[in-house]
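In our numbering, the protein residues as written are 24 to 341.
One structure below.
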Ligand code: AMP
Ligand code: MG
């Protein structure tokens, strides 16, 4: 179905469209989100359709203040409370036991819900004006790199969503850190800008993802799908590695000097810059018909862990 997508700078207009049952893309500090009110069942269905997202991939519920956690979670244990106090609002999603206000279409049938309170002021104002908490996956076509600018959202979703609230490019550029606090020892399900080191400074017992037994439902369902992949193929490399380009149109991104002979490259001075630039660079490479992108793997610490995770998935290696 083709629809008219309203492009607006007005938070009030975007919230009014959401509140009347529309689906609205909005800026956050991680990546752009595509929101539907959890009280609007039709909009939730529409959202999965617009993204081409499988129904068994749960959505993160976005709230405007810490006080709203109780509107969606039925239980908040001490560890969750400590993480909320330290990192909300911010780029952290907590998985907690859901309460009855959260429909199973949002959680893909799970008894738990992912909850995030973004720090971006435009996102917070939009969520404050929303009549109920807002379920929002990343605002891109399923499988493609997340959208970190309003232009990227338009590229993927123009004519498929009701509204795009235009904002600045995403300050972080990588999806939120996800920690499961719904049972037992907390588990890091997805690395992000809140690093494992920062999390452990507050809750030392946090573990990295448990390997799920095959007969069990996956702990973090969406992680089994291909993600973040541009059309170009992704090759992972280490700093200074000798690469034989063999005449293909190649690009590179990383923190050291680009390999000789690439036609497009991005050298980032910090891991923060690398994270911010990554998905936009993938999209630029596709626009320029690049066939191979060489991506330097950063070390597996701090924000490097999140960048490595996205690179491995984009390369189809995890
Ligand atoms: P996205 O919004 O595209 O960044 O993806 C959201 C991801 O959050 C999903 O793919 C899941 O991996 C994860 N997630 C959301 N809700 C839950 C939940 N209740 N339990 C475990 N993981 C979740
Ligand atoms: Mg996504």
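A virtual CB, placed ideally from N, CA and C, is assigned to each residue, including glycine.
Straight-line Cα distance separating residue 55 from residue 41: 15 Å
Alpha-carbon to alpha-carbon, residue 282 and residue 96: 49 Å
One or two residues paired with residue 85 in a DSSP bridge: 139 and 157
First and last residue of the uninterrupted alpha helix (DSSP H) at residue 151: It spans 144-152 - the alpha helix (DSSP H) in which residue 151 sits, taken as one unbroken run.
Distance, residue 131 Cα to residue 80 Cα: 6 Å
Spatial neighbours of residue 86 in its chain, beta-carbon cut-off 6 Å, leaving aside the 5 residues before and after: 140 and 156
Pick from 341, 304, 327 and 310 that is closest to residue 169, judged by C-alpha positions: 304
Endpoints, beta strand (DSSP E) assigned at residue 49: 47-49
C-alpha distance - residue 310 paired with residue 103, whole-angstrom precision: 42 Å
Own chain partners of residue 208 with C-beta closer than 8 Å, once the 5 adjacent residues on each side are dropped: 228, 229 and 230
Beta-carbon proximity of residue 277 to residue 285, cut-off 8 Å: no
Continuous beta strand (DSSP E) stretch holding residue 74: start and end: First-last for residue 74: 64-74, but that is the alpha helix (DSSP H), not the beta strand (DSSP E).
Backbone secondary structure at residue 203 - three-state DSSP: strand
Per-residue DSSP class, three states only, for residue 118: strand
Within-8 Å CB hit, residue 92 to chain D: Judged by its chain identifiers, the structure shown contains no chain D, having just a single protein chain.
8 Å contact criterion, which residue 59 and residue 70 should meet: CB distance rounded: 4 Å
Closer than 7 Å: residue 98 CB and nearest the ligand MG heavy atom: no
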